[in-house]
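Heads up: the sequence shown runs through residues -26 to -1, 1 to 59, numbered per mature numbering (1 follows the signal peptide of the UniProt record, and there is no 0).
To start, the structure itself, in structure tokens.
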Amino acid sequence: MADGKRLFAALVASMLLAGTSDISWATQQAQQRRAGRDVRQETRQGSRHTKQDCRAADQKSNSQCRQDKRETKQHGRQTARDIKY
């Protein structure tokens, strides 16, 4: 009878421990997702400034400034992917 209670207690404890690992993984995944989103938002602002600075300097054509903006955004996306995965 005492062995049955111990077995039951061990089963309950193992189920609780297994459940907490899923919760911690979900929390970690959410933090990575938030960090990636923050990087992308900062990248958007940075790419806007890149294009504005490029056009203000008047050293490149508008299409070249657009390409600079695209490259800046692509770099930010890759950084976000690196954080997320």
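Built from N, CA and C at the ideal position, the CB exists for glycine as well.
Residue i versus residue j: straight-line alpha-carbon distance, rounded
{"i": "GLN48", "j": "SER(-3)", "result": "31 Å"}
{"i": "ARG18", "j": "ALA4", "result": "21 Å"}
{"i": "ARG(-21)", "j": "ARG7", "result": "41 Å"}
{"i": "SER35", "j": "GLN26", "result": "12 Å"}
{"i": "GLN33", "j": "ARG22", "result": "17 Å"}
Beta-carbon proximity of residue i to residue j, cut-off 8 Å
{"i": "CYS39", "j": "ARG51", "result": "no"}
{"i": "GLY20", "j": "ILE57", "result": "no"}
{"i": "ALA54", "j": "VAL13", "result": "yes"}
{"i": "THR1", "j": "THR24", "result": "no"}
Secondary structure of residue i, DSSP reduced to three states
{"i": "GLN48", "result": "helix"}
{"i": "LYS25", "result": "helix"}
{"i": "GLN33", "result": "coil"}
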